[in-house]
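First comes the structure, then the notes that go with it.
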Amino acid sequence: MTDTRSKPRHRRRKTALVAGIPLALTAAGALAYSPVFGDDAQSTASAATAAVPAWATATADGFASVNALGQNGTYGGRDGQIVTVRTLADLEKYATAAEPYVIVVAATINMDPVGKEIKVQSNKTIVGSGTSGHIVGGGFFLGSGVHNVIIRNLTIRDAYQGVWNDKEHDFDGIQMDGAHHVWIDHNDLRHMADGLIDVRKDSTYVTVSWNKMSQDNKAFGIGWTDNVVTDITIHHNWIRETEQRNPSTDNAAHAHLYNNFLEDVAGTDITSSYGNYSRGATKMVLENSYFQGINNPVIKDSTATIVQKGNTFVGTSGRNESGGTAFDPKSYYAYTLDATANVPSLLKSGAGPRSSIGTTASTLAAAATTLTVAKDGSGQYTTVQAAVNAVPANNASRVVIQVKPGTYRELVKVPSNKPHVTIQGTGGSRKDTVIVYNNASGTPKPDGSGTYGTGGSATVAVEADDFQARNLTISNDFDEAAHTDMAQQAVALRTSADKVFLDGVIVSGDQDTLLVDTAAKEKLGRVYMTNSYVIGNVDFIFGRATAVIDKSVITLKKRYNGTSAGYVTAPSTAADRKGILIANSTVNGDVSAASFYLGRPWHAGGDASLDPQTTVRNTSLSSAIKSTPWTDMSGFSWKADRFAEYKNTGAGSGAASSDRPQLTDAQAANQEVADWLGDWTPTAS
Numbered sequence: 027m028t029d030t031r032s033k034p035r036h037r038r039r040k041t042a043l044v045a046g047i048p049l050a051l052t053a054a055g056a057l058a059y060s061p062v063f064g065d066d067a068q069s070t071a072s073a074a075t076a077a078v079p080a081w082a083t084a085t086a087d088g089f090a091s092v093n094a095l096g097q098n099g100t101y102g103g104r105d106g107q108i109v110t111v112r113t114l115a116d117l118e119k120y121a122t123a124a125e126p127y128v129i130v131v132a133a134t135i136n137m138d139p140v141g142k143e144i145k146v147q148s149n150k151t152i153v154g155s156g157t158s159g160h161i162v163g164g165g166f167f168l169g170s171g172v173h174n175v176i177i178r179n180l181t182i183r184d185a186y187q188g189v190w191n192d193k194e195h196d197f198d199g200i201q202m203d204g205a206h207h208v209w210i211d212h213n214d215l216r217h218m219a220d221g222l223i224d225v226r227k228d229s230t231y232v233t234v235s236w237n238k239m240s241q242d243n244k245a246f247g248i249g250w251t252d253n254v255v256t257d258i259t260i261h262h263n264w265i266r267e268t269e270q271r272n273p274s275t276d277n278a279a280h281a282h283l284y285n286n287f288l289e290d291v292a293g294t295d296i297t298s299s300y301g302n303y304s305r306g307a308t309k310m311v312l313e314n315s316y317f318q319g320i321n322n323p324v325i326k327d328s329t330a331t332i333v334q335k336g337n338t339f340v341g342t343s344g345r346n347e348s349g350g351t352a353f354d355p356k357s358y359y360a361y362t363l364d365a366t367a368n369v370p371s372l373l374k375s376g377a378g379p380r381s382s383i384g385t386t387a388s389t390l391a392a393a394a395t396t397l398t399v400a401k402d403g404s405g406q407y408t409t410v411q412a413a414v415n416a417v418p419a420n421n422a423s424r425v426v427i428q429v430k431p432g433t434y435r436e437l438v439k440v441p442s443n444k445p446h447v448t449i450q451g452t453g454g455s456r457k458d459t460v461i462v463y464n465n466a467s468g469t470p471k472p473d474g475s476g477t478y479g480t481g482g483s484a485t486v487a488v489e490a491d492d493f494q495a496r497n498l499t500i501s502n503d504f505d506e507a508a509h510t511d512m513a514q515q516a517v518a519l520r521t522s523a524d525k526v527f528l529d530g531v532i533v534s535g536d537q538d539t540l541l542v543d544t545a546a547k548e549k550l551g552r553v554y555m556t557n558s559y560v561i562g563n564v565d566f567i568f569g570r571a572t573a574v575i576d577k578s579v580i581t582l583k584k585r586y587n588g589t590s591a592g593y594v595t596a597p598s599t600a601a602d603r604k605g606i607l608i609a610n611s612t613v614n615g616d617v618s619a620a621s622f623y624l625g626r627p628w629h630a631g632g633d634a635s636l637d638p639q640t641t642v643r644n645t646s647l648s649s650a651i652k653s654t655p656w657t658d659m660s661g662f663s664w665k666a667d668r669f670a671e672y673k674n675t676g677a678g679s680g681a682a683s684s685d686r687p688q689l690t691d692a693q694a695a696n697q698e699v700a701d702w703l704g705d706w707t708p709t710a711s
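Take the position in the sequence shown, starting the count at 1, then add 26; the result is the number in my numbering.
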């Protein structure tokens, strides 16, 4: 089909914008991020009364800065009120309003239903407050004619539904269908069910800059049209651990890609199939980008063009193509290239949401204390435990321990007198930062005082209330095959505290991986895990805490000898407490069919007063789950305790029977996530 539309001639902006540095300096002044953007607004979802800060008046660079289609550059909602939102209802209210708004996202907002994409209207800036603005399980949609939209400093993540090349769920991070003048900048987009960014159906005058894109099959698609319309600038993005569309650019009139870092990390489950792709009638200019480990790093159709300048290729293989004539980006806008050799380090430190650039004294007081851990000595501490030790006893406010990528082979204990601690990996993936050790229940203690026991074997032990962990892996890699002569329970993470929030983590082991405990039998201990993975084989989610596993993947693992047989949960709940709730999740793994139970009752120490509870609801169960999914343990019958399902799906689900209790709708109404958590609403901090 031929494009018959009359397209306005590009006009350069009168004010040249200087690219090539994080958070570009603009005519409106330096963009200043503070740890709490909401300091410039009144209470949640209320209008600001303070003077407009520089970050609220920032304007785009690249093609998004070009005057065309009746729009003079891209400046978002700078002419409107500044509002701070912490709920889905408020975010949707302001994003879909007809009026301009600067919308500050100051909390983790979970999309309901999963996959929801808020239909953003024109003249909006949606910006995260420091690193606390998370959109989980969905994203944003910009429809035909929507224009002048800025999306910045957000983490948009975890709509993944457990199927890698997912053909059923079109759950994107940011999707445009016919939008124009859009700036996507300094976001962290990862682990969605379909694309991280889709620029579709003649969307144009788009700039995508300084973003992290990772952990996805399809990173960034451009096209879905026969018209050759789209003008797009893609610069300073770190694209890693993505398989395809990095980006794939189809029928773009002008695609300018520069200073991007494409990385495929060796030895992971994700392998790139190609890097930058020029398709159809696309004209692409590709400059000063760095490709590391990418298969087929640069490819083009016979009808497309690519002009390459100054790119670096390390450990790449396959197609690396160029040819034809393209265009001169500087005839449309000003920009400055960074040296290609500096791109990896520049983007590792500068891409994604920013927390403290331009911090002022007034906002610093509201920020959490931050401690940095790095194995290479570039942080304040070289071990995680050293940073925990530095937290003051009985600290009254949040302390964030930022752990740089690496493998930290150590034991970590957060004692009960150090509440409000967050341990957070800073890499692009939760696999980048790993805390691991290999103690088991039967491992002798170094001082000769016996063995560690199950609880004592934990790699990470959390005894302090209001603890949070995110974007990292906690593992116990005890070698069962080499130690068949000892008790093999080997805990990766033990919690014995209240208000423990595990967000975007991997907890990995074999037997007894995740111990959710309480400080004492009579004490409440609540744990909320979301957007995470738990990996194991025998009783690998167990304990007496009130624990929720929500929107997560539970991965079943074979035993060390290759056999498939196991138990997902082993609750030891007190009679007056709620036990383990698995909701809105996926249970799967490379194990034999009908080989795993969902759970069994653990009456710890033979305590007959306990009333173990596991509920599994609204969860996809693979064929690995037995048709009779509950079983007895140590002489205690599961039928005397509390085990039930509700509206599960998948090959491993089944109809109600005496061996497979199902909740009624009325019963299920009292077994929601909120019923488990009570007066606690987990919020990232």
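Yeah, the Cβ is synthetic: ideal placement off N, Cα and C, and Gly gets one too.
| said: Among the candidates 437, 297, 100, 578, whose CA atom is the shortest distance from the CA of residue 647? | reply: 578
| query | Taking C-alpha atoms, which residue in 508, 97, 591, 663 lies nearest to residue 626? | reply | 663
| Between the CA atoms of residue 290 and residue 318 - distance to the nearest angstrom | 6 angstroms
| request: Taking only the alpha-carbon atoms, compute the straight-line gap between residue 356 and residue 281 and give it to the nearest angstrom. | output: 13 angstroms
| task | Could you please give me the residues that DSSP links to residue 16 through a beta bridge? | result | The displayed coordinates of the chain run from 27 to 711. Any statement about residue 16 would go beyond what the structure contains.
| Which whole runs of the alpha helix (DSSP H) in the region 87-158 are 4 residues long or more, in chain order? | 114-121
| said: Need the endpoints of the beta strand (DSSP E) that residue 191 sits in, please. | reply: First-last for residue 191: undefined, no H or E at that position.
| request: Let me know the secondary structure DSSP gives residue 414 once reduced to three states. | output: helix
| query | Would you report the Cα separation of residue 447 and residue 421, rounded to the nearest angstrom? | reply | 9 angstroms
| request: Whole angstroms is fine: what's the gap from residue 607's alpha carbon to residue 465's? | output: 28 angstroms
| task | Can you tell me which of the three DSSP states residue 597 falls into? | result | strand
| query | Got a sec, what are the start and stop residues for the alpha helix (DSSP H) residue 693 sits in? | reply | 691-694
| 8 angstroms Cβ cutoff met for residue 179 and residue 153 | yes
| request: Identify whether residue 517 lies in helix, strand or coil by the three-state DSSP scheme. | output: coil
| query | Do residue 130 and residue 111 come within 8 angstroms of each other at the CB atom, strictly closer than that value? | reply | yes
| field | Touch test, the region 261-270 against the region 109-125, Cβ-Cβ under 8 angstroms, three pairs minimum | value | no
| request: Quick one: measure Cβ to Cβ for residue 655 and residue 598, integer angstroms, because I've assumed they're closer than 8 angstroms. | output: Their Cβ separation, rounded to whole angstroms, is 19 angstroms, which puts residue 655 and residue 598 out of contact at 8 angstroms.
| To which residues of the same chain is residue 621 closer than 6 angstroms at the C-beta, ignoring the five residues directly before and after it? | 590, 591, 650
| query | Between residue 97 and the rest of its own chain, which residues show a CB-CB distance below 8 angstroms, the 5 nearest in sequence each way excluded? | reply | 173, 174, 206, 207, 231
| task | Give the secondary structure of residue 531 by DSSP, where H, G and I count as helix, E and B as strand, and everything else as coil. | result | coil
| said: Just to check my reading of the structure: residue 157 and residue 709 have Cβ atoms closer than 8 angstroms, yes? What is that Cβ distance to the nearest angstrom? | reply: Between residue 709 and residue 157 the Cβ distance is about 13 angstroms, and since that is not below 8 angstroms, they are no contact.
| query | Should residue 190 be labelled buried (16 or more other beta-carbon atoms within 10 Å of its own) or exposed? | reply | exposed
| Based on the DSSP output, what are the partners of residue 502 in its beta bridges? | 463
| task | Using the DSSP secondary-structure output, state which residues sit across from residue 511 in a beta bridge. | result | None; residue 511 has no bridge partner.
| field | Touching by the beta-carbon criterion (3+ pairs, under 8 angstroms), the region 493-501 and the region 531-548 | value | yes
| Given residue 586 as reference, the closest of 504, 593, 576 once Cα atoms are compared | 504
| message | Quick check on residue 36: does DSSP put it in helix, strand or coil? | response | Note that residue 36 scores 45 on pLDDT, short of 50, meaning its location in the model is unreliable and no value can be drawn from it.
| message | Measuring straight from C-alpha to C-alpha, what distance separates residue 634 and residue 706? | response | 30 angstroms
| query | Who are the near neighbours of residue 517 in its chain, counting only those whose CB is closer than 8 angstroms to its CB and skipping five residues on each side? | reply | 480, 481, 483, 484, 485, 502, 535, 538, 539, 540, 541
| said: Can you tell me where the beta strand (DSSP E) holding residue 582 begins and where it ends? | reply: 579-582
| query | What does DSSP give as the partner residues of residue 304 in its beta bridges? | reply | 275, 326
| message | Helix, strand or coil, according to DSSP, for residue 204 in the structure here? | response | coil
| query | Exposed or buried, what is residue 113 when buried is set at 16 or more other beta-carbons lying within 10 Å of its beta-carbon? | reply | exposed
| task | Measure the beta-carbon distance from residue 530 to residue 183 and round it to whole angstroms, keeping in mind my assumption that it falls under 8 angstroms. | result | 7 angstroms
| message | Are the CB atoms of residue 554 and residue 703 within a distance shorter than 8 angstroms? | response | yes
| First and last residue of the uninterrupted alpha helix (DSSP H) at residue 408 | Neither: residue 408 is in no alpha helix (DSSP H) and is coded neither H nor E.
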